[in-house]
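Please read the structure below before turning to the comments.
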Amino acid sequence: MDLLQISNLYVNFTTKAGVVRASDGVNLEIKQGESLCLVGESGCGKTIVALGIMRLLPQNAQISGKIWFKGKELLSLGKEEMRRIRGREIAMIFEQPATCLDPVFTVGDQIAEAMRVHERCSGKESKEKAIDLMEMVEIPSPQKRFKQYPHEFSGGMQQRAMIAIALSYNPSLLIADEPMTFLDVTIQAQIMELLKDLVSKFRTSLLLITHDLGVAAEMCDGVAVMYAGEIVEKGRVSEVFKYPKHPYTKALLGAISNDGLKPIKGSVPELTSLPSGCKFHPRCPLVRDVCREARPEMKNGVRCHLWEKS
Amino acid sequence: MERAIPAREKVSPYILEVVDGLKENRLAVVGLAIVVSLVLMAILAPFIVPHDPIELHLDLRLLSPSWQYPLGTDDLGRCILSRLIYGTRVSLQVGVMVVGITAISGSLLGLTAGYLGGIIDEIIMRIVDVLLAFPGLILALVIAGLLGPGLFNVMLALSVVGWTRYARVVRGCVLSAKERGFVEAARAIGSSNFYIMFRHVLPEALSPVIVMSTLGMGWTILSAAALSFLGLGAQPPMPEWGSMLNSGRAFLRVAPHLITFPGLAIMVTVLAFNFLGDGLRDALDPRQKKRVEI
Amino acid sequence: MLAIVLGVTVLTFSLMHFTPGDPAEMIAIARYGMEDLTQEGIEWIRIQEGLDAPVWVQYGRWLNHVIHGDLGRSLIDGGLVSKDIMYRFPATLQLALASMIVSLVIAIPVGILSAVKQNSAMDYLGMTGALIGVSMPNFWLGLLLVLFFSVYLGWFPVCGKGGIEHLILPVVTLGTGMAAITTRLTRSSMLEVLRQNYIRTARAKGLAEKLVIGKHAFKNAMIPVVTIIGLQFAFLLEGTVIVETIFAWPGIGRLLVDSIFARDFAVIQGCALVIATIFVLVNLAVDISYAYLDPRIRYERRA
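Residue numbers (this note's numbering), protein chains in the order written: chain S, 1 to 310; chain V, 311 to 604; chain E, 605 to 907.
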């Protein structure tokens, strides 16, 4: 059975500029213990899906669809029930760790706080556990670091602290939204290693959001490629990256292929005015008439008219 | 609609954007409407007042509002409505004079301080610091008190107190312009100091100064009324809102309308300038606008 | 800091010194009255009071006295100005502190609720109230309160100082005006903080909304509010002048206004100096507590 199953997730924002279709009918499954990466250019709605799962979208978001997690439908849960799932069963880490830690409380307090939320434990107990966690995520001299403030941490250390917070309850699912972006390359590798180790050690399922296909290939079993609010291709990492079906996936892979960078022509469409038919058609090198008119269905792991026919 | 486009294009797009921003802000529109009607009232005062604002009618003292005297009469039998309308003149004059003097002198001093730097900057900014070490109204009260009662002295006092904020803000704008280096660039191609200040730096500081001036109108009118209320500003028989309140105090029990209407007039006026100032700030600050879009 | 206080003394001194009129003559009038005024008497006072010395010598002498707590003598009754001020000070302090507390008790909850429930009826109500409060002249509000609560309802005395019932109207007058500004600031600061990523983190941890708002958002949102309290204090001191006059409250503000009308320059000078010094000290205290609230600043200072 799937740990997480998202079906027909629609997220719209009504703004002055029009309706933003940030998630336009997304379907995704994550199995117990599986690592899935969600890839795509920035601005295509990956983060929206993640925040939708956590139910942390801004108040002006209109959400519809179903998100099944361990037999519960998250979108229909009460606020209090959802709160108990957050942090305990589904945890999340974000990009830009520097802005994700509260600047006016010590890092230790913020980790210990996570321990105290779901379980009644004393201040001392939670402090000990927090220091253990800091050790686990390899923050050096945790006793001293416990009392420091976020601005006294480097970016990598901040992200480690975020991971410590996220893993404090050994959640079934960890959502990592671009956890390596904005970090130095060497630090990126360290964080990636750490995440990989911890995920396999605790048998946590991982939903990794990234635009970095190298990271995706390194860390995940499954991959889902997202473009302009919808999933255009999904499958095993090994297959998809070797034999990409969708022209967008090909283009993404082409952009980092060995013959040097080949940027994809054009840019992600505005989510307020999506193209008709296949959303990728204005940028697609293989575009045909049918692509402009009809929206392709997801078949055999790809959403493309060219594959529907064959 | 389509015909309107060419006409609109003539005006600079920046101003149009600001106007559009203002239009969207309902409170700012209300504020502007009130300000415009106050100005009209001040200009047309002699033609619209029902009675003479100064002439005494000792037989008509402390009348309650009636058809003949819509807001009643004061302790000397003068029509309160007429006095209020003439009071618009006094308050707006004080506001325009003081804000004009403080905005211009403050901006110039700030410009000089920021542009020249060094000892001149040091001296000007220390003076600003010392003046700001006093609560504004208290310093104005002391200065006006020492100079003696009178509206002119109050305006002088408020001017001495009021220029500092403009100086600070304009100086900040100059420094940030300097930092971005285009002042150096202008100097390198041989522009004179004077020219650089007026051509490059002043426009930069214009929008904060406009916002501050609008809010400053509110502050000045309120402060002048406060000083008049304490007995320092306008002297009888000049129809000034603050001094009307002051003289009405004695008749609180018998004729509450004496204090109700002048206070309302002050509040509405100050409120209007605050609405307008807030609206202008939002319309002039592109950062704010971006935020709304998200 | 010290430079500013010194500047303040220079300003107060020169204000008095360059006031139109001959100070010796004024002292003579105040002491002996108009009738007994003679040129010799004026000259005698000029020498006696050291008013014949150059300006900077006079300033030096005066400053020396001020540093030793001597603000001179009242021109009217010859009493020590410092004694007058010390006598009046507690009343003003009582009024100011009570008003400050009232304003914070109103402003912080209303500001936070307005931000958390942005665009709700509560928000509109709070913000409309705050806008009116910001523009409401406190001398008018004071009179209206007296009119309604003292004259019509007879609940509170019209003026004077005594028990708690005397305190309520002046404090409400002063406190609500201040609350208006603080409410607006609290709201906008809170809205800004609620957009921050660390609030999202706190929610992602599964913290109850009460903790997210009450702990994380609150402490961050209070940083600008505390900074503004310094400026608010100016508003408060200005307000005491008005409110003490309306309610015949025997504090420094009223002393200042009274001495202005009595043209008692020594007392004016003393009051101005004391008020400015209080204001500077409050701002210093605010700076310190700001550093306490915001560890980033503390860190910079230490480094």
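Yeah, the Cβ is synthetic: ideal placement off N, Cα and C, and Gly gets one too.
This structure is a prediction, so every number in the text was calculated from the model and none was measured.
(message) So, at 8 Å on beta carbons, what are the nonlocal neighbours of E/Asn742 in its own chain, with the 5 sequence-adjacent residues on each side left out?
(response) Thr777, Leu778, Gly781, Gly843, Ile846 and Val847
(request) Indicate the three-state DSSP secondary structure (helix, strand or coil) for S/Gly222 in the structure shown. (result) strand
(message) Run through chain E and tell me which residues come within less than 7 Å of S/Val117, C-beta to C-beta.
(response) Lys809, Gly810 and Leu811
(message) At the level of alpha carbons, what is the spacing between V/Trp551 and V/Gly397?
(response) 6 Å
(message) For V/Ala477 and V/Ile434, which I take to be in contact (beta-carbon distance under 8 Å), what is that distance rounded to the nearest angstrom?
(response) 7 Å
(request) Would you kindly report the start and end of the unbroken alpha helix (DSSP H) that includes E/Ile864? (result) Ile856 to Ala866
(request) Could you check the C-alpha separation between S/Cys278 and S/Ile165 for me, to the nearest Å? (result) 41 Å
(message) For E/Asn801, would you say it is in contact with chain S, using Cβ-to-Cβ distances shorter than 7 Å as the test?
(response) yes
(request) Rank E/Gly611, E/Ser739, E/Tyr636 and E/Trp759 by C-alpha distance to the C-alpha of E/Leu679 and give the top, closest one. (result) E/Tyr636
(message) Below 7 Å on C-beta distance, what does S/Gly87 contact in chain E?
(response) Ala808, Lys809 and Gly810
(message) Quick check on this structure: which residue in S/Glu230, S/Arg283 and S/Leu213 has the alpha carbon closest to the alpha carbon of S/Pro247?
(response) S/Arg283
(message) For S/Phe105, tell me which candidate among E/Glu639, E/Val861, E/His820 and E/Lys765 has the shortest Cα-Cα distance.
(response) E/His820
(message) Within a Cβ cutoff of 7 Å, which residues of the same chain sit near V/Glu319, ignoring the five residues on either side of it in sequence?
(response) With a pLDDT of 47 at V/Glu319, under the threshold of 50, the modelled position of that residue is not reliable, and no figure is offered here.
(request) Please find out if some non-hydrogen atom of the ligand FMN comes closer than 6 Å to the beta-carbon of E/Val670. (result) Inclusion of the ligand FMN in the displayed structure is not the case, the ligand content being empty and no account of it being possible.
(message) Using C-beta distances below 8 Å, list every residue in its chain close to S/Arg145, excluding the 5 sequence neighbours before and after it, in chain order.
(response) Val107, Gly108, Met134, Ile139, Phe153 and Met157
(message) One question on the structure: do E/Gly855 and E/Val685 come within less than 7 Å of each other, judged by their Cβ atoms?
(response) no
(request) Say whether the region 573–580 of chain V touches the region 740–758 of chain E, bearing in mind that this needs 3 or more beta-carbon pairs closer than 8 Å, one atom from each stretch. (result) yes
(message) Against chain E, which members of the region 419–449 of chain V pass a CB distance test of less than 7 Å?
(response) Arg436, Asp439, Val440, Ala443, Phe444, Pro445, Gly446, Leu447 and Ile448
(message) Excluding the 5 residues flanking S/Asn27 on each side, which residues of the same chain have their C-beta closer than 8 Å to its C-beta?
(response) Ile6, Ser7, Asn8, Leu9, Ile231 and Met298
(message) Please tell me whether V/Thr570 and V/Trp473 are closer than 7 Å, where the distance is taken between their beta carbons.
(response) no
(message) Please report the straight-line C-alpha distance between E/Arg692 and E/Val878, rounded to a whole angstrom.
(response) 12 Å
(request) May I have the straight-line CA-CA distance separating S/Ala161 from E/Val714, to the nearest angstrom? (result) 35 Å
(message) Quick check: what's the CA-CA separation for S/Leu252 versus S/Thr15?
(response) 30 Å
(request) Would you tell me roughly how many angstroms separate the C-alpha atoms of E/Ser739 and S/Leu38, rounded to the nearest one? (result) 53 Å
(request) Figure out for me which residue from S/Lys127, S/Ser267 and S/Arg88 has the closest Cα to the Cα of S/Gln143. (result) S/Lys127
(message) If we define contact as Cβ-Cβ less than 7 Å, is S/Met92 a contact residue for chain E?
(response) yes
(message) Alpha carbons only, please: which of S/Gly25, S/Lys242, S/Arg88 and S/Ala176 is nearest the one belonging to S/Val11?
(response) S/Gly25
(request) Assign E/Tyr756 to one of two classes, buried (16 or more other C-beta atoms within 10 Å of its C-beta) or exposed (fewer than that). (result) exposed
(message) Does the CB of V/Leu402 have a neighbour CB from chain E at under 7 Å?
(response) no
(request) Output yes if chain V places a C-beta closer than 7 Å to the C-beta of E/Met794; else output no. (result) no
(request) Determine the DSSP secondary structure at E/Ile710, reduced to helix, strand or coil. (result) helix
(request) Using a cut-off of 7 Å between C-beta atoms, extract the partners of E/Trp648 located in chain V. (result) The premise fails here: E/Trp648 is roughly 25 Å from chain V at the closest Cβ pair, so nothing lies under 7 Å.
(request) Kindly indicate if chain E contains any beta-carbon less than 7 Å away from that of V/Val580. (result) yes
(request) At 9 Å on the CB atoms, spell out the chain E contacts of S/Arg120, in chain order. (result) Neighbours of S/Arg120 on chain E: none; closest Cβ ~13 Å, over 9 Å.
(request) Give a yes or no on whether the minimum CB-CB distance between E/Thr777 and chain V is below 7 Å. (result) no
(message) Between E/Gly611 and chain V, is any beta-carbon pair separated by less than 7 Å?
(response) yes
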